[in-house]
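Engineer:
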Amino acid sequence: MRGKDSGLVKAPWEAENATADKDALCLGSFGESPAFGGAILAFSVQSWEADAGEKPMPFRAADCTALSPSDVLVTLDSAWTESGSVRTFDVEPEQICSEAYTKVLVRLFAGHLPHAETCRRLDGRLPTESEVESSVLNVSSDLALNCSNAKNVSLWLAGPKPSHDVTATCTALLANGSVASYPCISEVTCSICFVPAKKRFTVYGPLEIFDHHYTLTVDAEGAAQFVGDVSTIQRDEDGWLLSSDLHVQTMRVAGPLPVGRHSWFSSLKNKNMTLTMTSCGPEQYSCGDNTCIERSAFCNTIRDCRDGSDESACSPVRLPPEYDKSKNPRLGSSSQGHLTYSVHLYALSDIKTVEGKVTLDMNIYVAYKDERVTYWNLRDFEQKIDCEEIWHPEFTAIAGRIVGLAYPMKVYDRLCGVELQLYPFGRLICNISYYIFDGQVNLAFEKISKDEVHVRYRGSKDLLEYHLANVTFETIHDEDDERYTYILLTLHLSSLYEYHMLNSFAPSTLMFLVTVSTLFFPLKDFNERIVVSLTSLLVLATLFAQASSASVKTPYFKLLDIWYSALIALCFMCVIANAVTHRLLQKEGPAINVVKPLTGESDVTPSNVWARAFNWFSIVVLSLLFIALVAVVVMVATEML
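Per numbering that gives the first Met the number 0, the sequence shown runs over residues 0 to 640.
(1) In chain order, what are the residue ranges of uninterrupted beta strand (DSSP E) at least 3 long that sit wholly in the stretch 482-543?
(2) Give a yes or no on whether the C-beta atoms belonging to Thr-277 and Gly-259 are separated by under 9 Å.
(3) So does the stretch 497-514 actually touch the stretch 553-562, counting three or more Cβ pairs closer than 8 Å?
(4) Does Thr-395 come out as helix, strand or coil in the three-state DSSP assignment?
(5) What separation, rounded to the nearest whole angstrom, lies between the Cα atoms of Leu-518 and Ser-550?
(6) To the nearest angstrom, report how far apart Asp-210 and Ala-222 are at their CA atoms.
(7) Where do the N-terminal and C-terminal ends of the beta strand (DSSP E) with Trp-263 fall, by residue?
(8) Answer yes if the stretch 186-201 comes into contact with the stretch 152-160, meaning at least three C-beta pairs across the two stretches below 8 Å, and no otherwise.
(9) Considering Tyr-433, what are the terminal residues of the alpha helix (DSSP H) in which it resides?
(10) Label Pro-392 either buried or exposed according to how many other C-beta atoms from any shown protein chain fall within 10 Å of its C-beta, with 16 as the threshold for buried.
(11) Name the two residues that bound the continuous alpha helix (DSSP H) containing Asn-271.
(12) If you draw a straight line from the C-alpha of Cys-237 to the C-alpha of Met-250, how long is it?
(13) Can you pull the DSSP bridge partners for Cys-192?
(14) When you compare only the Cα positions, how much space is there between Asp-479 and Glu-354?
(15) When burial is assigned at 16 or more other CB atoms within 10 Å of the CB, is Lys-3 buried or exposed?
(16) DSSP on Thr-127, reduced to helix/strand/coil?
(17) Since Pro-328 contacts Tyr-284 with CB under 8 Å, what's their CB separation in whole angstroms?
(18) Of the residues Arg-294, Glu-388, Ser-341 and Trp-375, which one's Cα is nearest the Cα of Asp-323?
(19) Along the chain, where does the beta strand (DSSP E) containing Leu-347 start, and where does it finish?
(20) For the stretch 137-168, list the alpha helix (DSSP H) runs that are entirely contained and at least 4 residues long, ordered along the chain.
(21) Would you check if the distance between the CB atom of Leu-156 and the CB atom of Val-131 is smaller than 9 Å?
(22) At which residues does the beta strand (DSSP E) containing Phe-472 begin and terminate?
(23) Are the stretch 415-426 and the stretch 300-318 in contact at 8 Å, needing three or more beta carbon pairs?
(24) Determine the direct distance from the alpha carbon of Phe-613 to that of Gly-599, and round the result to whole angstroms.
(25) So, using beta-carbon positions, are Ser-494 and Ser-341 closer together than 9 Å?
(26) Roughly how many whole angstroms lie between the Cα atoms of Leu-628 and Leu-539?
(27) Please report the Cβ distance between Cys-570 and Ser-516, rounded to the nearest whole angstrom; I am assuming they are in contact, meaning their Cβ atoms lie under 8 Å.
(28) In angstroms, rounded to a whole number, what distance separates the CA positions of Ser-147 and Pro-195?
(29) Can you tell which of Leu-338, Thr-352 and Asp-360 has its C-alpha closest to the C-alpha of Ala-346?
(30) Tell me, please, which residues DSSP counts as bridged to Phe-200.
(31) Please go through the same chain and pick out, in chain order, the residues whose beta-carbon is closer than 7 Å to the beta-carbon of Thr-637, but skip the five residues on each side of it.
(32) Could you have a look at Ala-222 and say whether DSSP puts it in helix, strand or coil?
(33) Using DSSP with H/G/I as helix, E/B as strand and the rest coil, what is Glu-600?
(34) Relative to the C-alpha of Ser-266, which candidate in Gln-248, Ala-99, Asp-349 and Phe-520 has its C-alpha closest?
(35) Could you check if Ala-630 is buried or exposed, using at least 16 other CB atoms within 10 Å of its CB as the buried criterion?
(36) In this structure, does DSSP put Arg-317 in helix, strand or coil?
See below:
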């Protein structure tokens with residue numbers, strides 16, 4: 000009986016007091032893992048009464064020959080039923096105790112290491128010196144002479160692992176049957192491999208009309224051959240030939256052994272095809288040289304195979320020959336597909352109003368279905384896919400809400416396009432729209448979580464001149480065609496105005512107060528009043544010019560521009576008020592007799608009275624206008640208007 004993967008044979012247990020409905024004897028594997036692979040030629044069963052006290056000593060044959068003729072031998076007759084991947088075969092009684100190893104003659108003119116590697120590829124080994132001495136290995140004189148080289152060395156034997164020293168020696172069998180040491184790098188023509196009997200090999204690949212499973216046997220000369228149910232792999236003068244009893248098609252490969260991963264020429268398809276012939280179990284991965292490693296070690300980013308084949312073909316993508324990566328998966332389909340997405344924001348650069356742009360470090364994770372692509376060998380850990388091999392959505396960014404300039408998505412660093420009428424106050428919104436360049440009609444955006452609105456961001460929210468309130472995203476449709484969808488990412492910002500309060504509003508307010516203070520100077524000190532007010536006006540104009548050059552240029556007036564312009568106008572009014580007051584003071588008119596105190600004062604004239612009245616009127620009006628200006632600016636900045 001041979002078993003592969005999950006398979007078993009079962010028969011009713013006919014021991015005394017046993018019931019056929021409940022009691023049965025099973026051989027093999029009872030589930031998918033662990034799987035059984037091998038050949039069962041004989042087994043024995045022993046039973047006892049449950050209440051008989053001590054268990055009897057189990058039957059242990061001294062060797063296989065003691066078990067075979069005994070009355071405890073059970074055969075697999077018609078009473079047994081098969082389940083799963085099981086194949087039964089007939090053997091002669093004398094075959095049950097045949098040798099445990101198949102002795103395979105390998106003809107290879109090479110040193111010790113290539114011969115040992117060849118045996119290992121057959122899942123075998125070189126014979127040891129003790130097996131030669133105990134006659135387990137009997138080499139005929141004809142074979143010894145036929146394989147001997149000029150130094151009468153016939154076969155390599157197993158021994159200690161040879162060193163890398165070119166003068167190292169290995170154990171060898173001489174033509175006269177004695178054992179001697181021989182340089183490991185010297186060539187020997189033959190070796191005999193001890194391979195487990197009935198060794199089974201499986202061929203993976205597009206065989207179609209050939210067997211997949213083969214058993215290693217030897218021909219009359221001891222050369223290896225692989226026998227399947229209807230197919231055979233044999234060595235000929237050109238290499239190894241895979242043929243069948245049912246047709247004339249063949250497959251051929253060159254080399255000392257067909258075992259491993261090789262390119263075979265198929266006469267049916269007239270081209271080379273990659274096949275893997277291995278003795279590895281279903282839970283193992285076969286390296287290119289038939290070395291078996293755990294399946295979990297395949298493509299784990301660690302080189303476990305000697306030839307590195309376990310890490311050489313790790314791309315999880317398999318594409319059909321007709322695949323065209325320039326065409327989106329839904330091209331030609333009558334229905335619209337979906338691109339399920341989520342947005343992740345990792346970092347934001349400082350925002351400078353004068354530059355008018357923001358730099359984002361972000362990812363848009365997109366999931367979509369492409370039925371043309373086949374994925375295999377998917378693992379629990381993250382696997383990288385070369386996006387250049389397959390169609391993938393290529394994003395294009397728009398600076399704004401659908402309408403705006405479009406830029407490539409790989410590195411996007413463009414103007415944000417915010418409205419700055421309330422600068423340096425107010426709340427700002429920066430919109431960035433994304434769409435796919437190819438397939439916008441065939442594929443529509445759809446959130447992974449439809450209720451999700453805010454983008455999670457854990458970085459700094461104070462971005463130099465602005466504070467990040469939150470980041471939102473949504474799927475929007477084109478107003479003209481609902482099939483066109485966009486991802487709209489919105490940055491909600493609020494201005495950090497403390498800097499401007501200290502560097503713009505406070506100095507300008509101080510200059511206005513200095514200008515208004517000249518109205519409190521004595522009316523006769525016109526030179527002092529006009530010089531101070533004009534100087535303050537000049538300083539205020541200079542501050543305005545500096546603020547304008549340092550802030551962003553806009554085609555409209557900003558709140559800061561209006562503030563400076565209004566203050567300059569008020570200061571100019573103060574200068575005019577000083578000039579008018581002086582003119583009224585210098586106007587000639589009749590003297591008015593008044594009673595003077597002993598300290599004495601100049602006579603009060605009509606011009607003096609009018610000058611004082613206009614001066615106080617100017618103070619009141621300018622103060623009220625300044626208060627009104629401050630109130631309007633505060634209400635506009637706080638969006639109360």
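We treat Cβ as the ideally placed atom computed from N, Cα and C, and that holds for glycine.
Structural biologist: If we stick to the structure as given:
(1) List check, beta strand (DSSP E) in window: 484-494.
(2) yes
(3) yes
(4) strand
(5) So the alpha carbons of these two residues sit roughly 33 Å apart.
(6) 21 Å
(7) 259-265
(8) yes
(9) Here Tyr-433 belongs to no alpha helix (DSSP H); instead the beta strand (DSSP E) covers 426-435.
(10) buried
(11) No alpha helix (DSSP H) holds Asn-271; the beta strand (DSSP E) holding it covers 270-277.
(12) Residue identity check: residue 237 is Asp in the sequence provided, not Cys. When rounded, the distance between both Cα atoms is 12 Å.
(13) Val-103
(14) If you take the alpha carbons of Asp-479 and Glu-354, they lie about 33 Å apart.
(15) With a pLDDT of 40 at Lys-3, under the threshold of 50, the predicted position of this residue should be treated as unreliable, though the coordinate-derived value follows. Its Cβ being crowded by 16 or more others within 10 Å, Lys-3 is buried.
(16) coil
(17) That belief does not hold up - the Cβ atoms of Pro-328 and Tyr-284 are roughly 31 Å apart, past 8 Å.
(18) Glu-388
(19) In the DSSP annotation of this structure, the continuous segment of the beta strand (DSSP E) that includes Leu-347 starts and ends at 336-347.
(20) 140-146
(21) yes
(22) 465-476
(23) These segments do not touch.
(24) Per-residue confidence for Gly-599 stands at a pLDDT of 48, beneath the threshold of 50, marking its modelled position as unreliable; the derived number appears in the next sentence. When the Cα atoms are used, Gly-599 and Phe-613 turn out to be separated by approximately 25 Å.
(25) Not in contact: Ser-494 and Ser-341 (Cβ atoms no closer than 9 Å).
(26) 16 Å
(27) In fact, because the Cβ distance is near 11 Å, the residues do not count as touching under 8 Å.
(28) 26 Å
(29) Asp-360
(30) Tyr-213
(31) none
(32) strand
(33) Any reading at Glu-600 must be qualified, since the residue scores a pLDDT of 49, below 50, and its modelled position is unreliable; the value itself is stated next. Here Glu-600 sits in coil by DSSP.
(34) When the alpha-carbon of Ser-266 is set against those of Gln-248, Ala-99, Asp-349 and Phe-520, the nearest one is in Gln-248.
(35) exposed
(36) strand
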